[in-house]
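Asks: Take a look at this one; I'll ask things after.
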Amino acid sequence: MLAFLSGTFVGGIVGVVMMCLLQINRLHGGDTEVGR
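Under the numbering used here, the first residue of the sequence shown carries the number 442, and numbering increases by one thereafter.
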């Protein structure tokens, strides 16, 4: 049970992080390298 809860918790965090990265990439239009 504990492994299942921890697995879903980690999966949820990874999903949120991926969504945030996709949103940031869309906002910057992939010009992050130029902005540095």
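We put the beta carbon where it would ideally sit given N, CA and C, even for glycine.
Keep in mind that this is a model prediction, so the values were computed, not measured.
1. Under three-state DSSP, which class holds Gly470?
2. For Gly452 and Gly470, what's the separation of their Cα atoms in angstroms?
3. Measuring straight from C-alpha to C-alpha, what distance separates Gly456 and Leu468?
4. I need the straight-line Cα distance from Thr443 to Val458, nearest angstrom please.
Replies: Taking the geometry as given:
1. In the sequence shown, the residue the question calls residue 470 occupies position 29. Secondary structure at Gly470: coil, using DSSP grouped into helix, strand and coil.
2. Stepping through the sequence shown from its first residue, residue 452 is reached at position 11. Stepping through the sequence shown from its first residue, residue 470 is reached at position 29. C-alpha separation (whole angstroms): 27 Å.
3. Taking the first residue of the sequence shown as 1, we reach residue 456 at position 15. Taking the first residue of the sequence shown as 1, we reach residue 468 at position 27. Their Cα atoms are separated by approximately 19 Å.
4. Here residue 443 refers to the residue found at position 2 of the sequence shown. Here residue 458 refers to the residue found at position 17 of the sequence shown. The residue you asked about is not Thr; residue 443 is Leu in the sequence shown. Roughly 23 Å separates the two Cα atoms.
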